[in-house]
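Adding 235 to a residue's 1-based position in the sequence shown gives its number in the working numbering.
These notes concern the structure reproduced below.
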Amino acid sequence: MTNTIKVFAPATVANVACGFDIFGFAVDNPGDELILKKANHKGVKILSIEGDEGRLPLDAEKNTAGIAILKFLEAIGEEGQGFEMNLKKLMPLGSGLGSSAASSVAGVFAANELMGRPLAQKDLLPFAMEGERIACGSAHADNVGPSLMGGFVVIRSYEPLDIIQLKTPQELYATIVHPHIEVNTKDARNILKREISLKNTITQMGNVAGLVAGLMLPDYDLISRSLVDVIIEPIRSILIPQFDDVKNAALDSGALGCSISGSGPSMFALSKDLFTANRVGKAMQDGFAKVGIGSECYVSGINQAGPVVLG
Numbered sequence: 236m237t238n239t240i241k242v243f244a245p246a247t248v249a250n251v252a253c254g255f256d257i258f259g260f261a262v263d264n265p266g267d268e269l270i271l272k273k274a275n276h277k278g279v280k281i282l283s284i285e286g287d288e289g290r291l292p293l294d295a296e297k298n299t300a301g302i303a304i305l306k307f308l309e310a311i312g313e314e315g316q317g318f319e320m321n322l323k324k325l326m327p328l329g330s331g332l333g334s335s336a337a338s339s340v341a342g343v344f345a346a347n348e349l350m351g352r353p354l355a356q357k358d359l360l361p362f363a364m365e366g367e368r369i370a371c372g373s374a375h376a377d378n379v380g381p382s383l384m385g386g387f388v389v390i391r392s393y394e395p396l397d398i399i400q401l402k403t404p405q406e407l408y409a410t411i412v413h414p415h416i417e418v419n420t421k422d423a424r425n426i427l428k429r430e431i432s433l434k435n436t437i438t439q440m441g442n443v444a445g446l447v448a449g450l451m452l453p454d455y456d457l458i459s460r461s462l463v464d465v466i467i468e469p470i471r472s473i474l475i476p477q478f479d480d481v482k483n484a485a486l487d488s489g490a491l492g493c494s495i496s497g498s499g500p501s502m503f504a505l506s507k508d509l510f511t512a513n514r515v516g517k518a519m520q521d522g523f524a525k526v527g528i529g530s531e532c533y534v535s536g537i538n539q540a541g542p543v544v545l546g
């Protein structure tokens with residue numbers, strides 16, 4: 236059995252418009268790469284982190300990947316096992332693409348592989364969620380769920396944890412545009428209203444049900460009609476310059492729908508073919524460029540694999 240492993244864990248789009256904290260899907264890129272090696276010492280030692288501009292902690296108990304591994308080792312009764320870790324961030328921090336989740340998933344997935352897979356992959360989710368807890372104060376699963384399991388996931392319940400994977404059309408493509416601004420996840424959660432109207436609740440429930448049905452049928456018109464958020468987007472969009480212009484540009488270019496990826500500032504759109512998805516990406520980037528905001532664009536299908544071993 237090998238003592239060293241290199242893995243990749245994908246970025247994710249959480250919320251998916253109408254599904255705040257309950258919807259998420261994985262994409263092919265960007266993501267995080269992690270090298271994990273068994274060590275003779277106890278605990279997790281983080282040797283290096285690339286791509287974070289020195290912002291992430293090297294203390295394993297304060298690092299999303301580190302804490303996920305430590306919680307995993309505790310659960311399987313192997314606290315004496317040590318690891319050394321090198322993490323490479325291949326996506327921007329605070330981007331709304333599940334950066335902290337990808338690190339958590341890469342860490343616990345790698346540890347489970349090196350320990351001989353004592354747990355099924357889906358059973359690693361609670362440990363990855365602990366990484367989210369230290370990253371933003373909330374152990375939510377809408378990023379770590381799809382990053383770990385792949386595909387489009389629904390978090391039906393947190394107590395008890397109940398995750399459902401949905402089939403998605405093969406022709407469905409995601410476009411993600413990350414503008415060169417930053418939105419802090421904690422700030423994006425703190426501005427949300429604690430109470431919502433019955434009218435908006437009913438509308439949102441209808442869109443949630445419609446999106447699930449649209450993905451499963453598949454019915455692209457229904458997907459398009461359901462990609463509407465009347466609760467979170469109207470509040471969080473004020474944190475993203477040019478939001479309305481960029482969203483309208485995506486829709487005018489043929490996107491089925493467009494909204495905020497996670498807590499932002501990245502925005503995502505769904506399209507029913509690759510050509511349209513690329514055209515939508517250019518239009519969205521042009522929308523940001525009009526006010527001098529640079530951006531990166533990622534286009535991919537819905538990633539069904541989740542984390543993978545490299546090499």
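Using N, Cα and C, we set each Cβ at its ideal position, and we do this for glycine too.
Taken through DSSP and simplified to helix, strand or coil, G312 comes out as coil.
By the 16-neighbour rule on beta-carbons within 10 angstroms, G372 is exposed. R352 has its alpha-carbon roughly 30 angstroms from the corresponding atom of P327. Counting C-beta pairs closer than 8 angstroms gives three or more between the region 242-253 and the region 457-472, which meets the contact rule.
Excluding the 5 residues flanking it on each side, P453 has same chain C-beta neighbours closer than 7 angstroms at P404, in chain order. Rounded to the nearest whole angstrom, the C-alpha separation of R460 and N442 is 8 angstroms. By the 16-neighbour rule on beta-carbons within 10 angstroms, E367 is buried.
CA-to-CA, the gap between I458 and L308 works out to about 41 angstroms. Counting every other CB atom within 10 Å of its CB across the protein chains shown gives D294 a total below 16, marking it as exposed.
Here G380 is buried, its C-beta having at least 16 other C-beta atoms within 10 Å. Taking a cut-off of 8 angstroms on C-beta distances, the region 282-296 does not touch the region 350-364, as fewer than three cross pairs fall below it.
Distance from the CA of S501 to the CA of K277, rounded to the nearest whole angstrom, comes to 39 angstroms. In the three-state scheme derived from DSSP, where H, G and I count as helix and E and B as strand, R352 is classed as coil.
Going by DSSP, S494 is part of the beta strand (DSSP E) stretching over 492-495. The alpha-carbon separation between A512 and G315 amounts to approximately 48 angstroms. In terms of CA proximity to G492, L407 leads the group A423, L325, L407.
Taken atom to atom, the span from the alpha-carbon of H413 to that of L462 is near 19 angstroms.
Residue state for G489 is assigned as coil, using DSSP reduced to three classes. Shown here for D521: same chain residues with a beta carbon closer than 8 angstroms to its own, the five before and five after excluded, namely A484 in chain order. Judged by beta-carbon spacing, E319 lies within the 8 angstroms limit of A274, meaning their Cβ atoms are closer than that value. Residue range 433-451 is occupied by the alpha helix (DSSP H) that includes Q439. Residue pairing from DSSP places I240 in a beta bridge opposite L271. Of the candidates N378, A518, P395, the residue whose Cα lies closest to the Cα of F387 is N378. Secondary structure within the region 277-312: the beta strand (DSSP E) runs of 3 or more consecutive residues, fully enclosed, are 278-285 (chain order). Distance from the Cα of F344 is smallest, within the candidate group L269, A448, L505, A444, for L269. Straight across, the Cα-Cα distance linking K280 with A303 is about 13 angstroms.
Within the model, the alpha-carbon separation for G301 versus G499 is close to 25 angstroms. Annotation: the region 386-419 contains the following complete segments of the beta strand (DSSP E) (minimum length 3 residues), in chain order: 387-393, 396-401, 408-414.
Counting the other Cβ atoms within 10 Å of the Cβ of E365 gives 16 or more, which makes it buried. Setting aside the 5 residues that flank it on each side, K297 is surrounded in the same chain by I369, each with a C-beta closer than 7 angstroms to its C-beta; the list follows chain order. Per DSSP, the beta bridge partners of P245 are G266.
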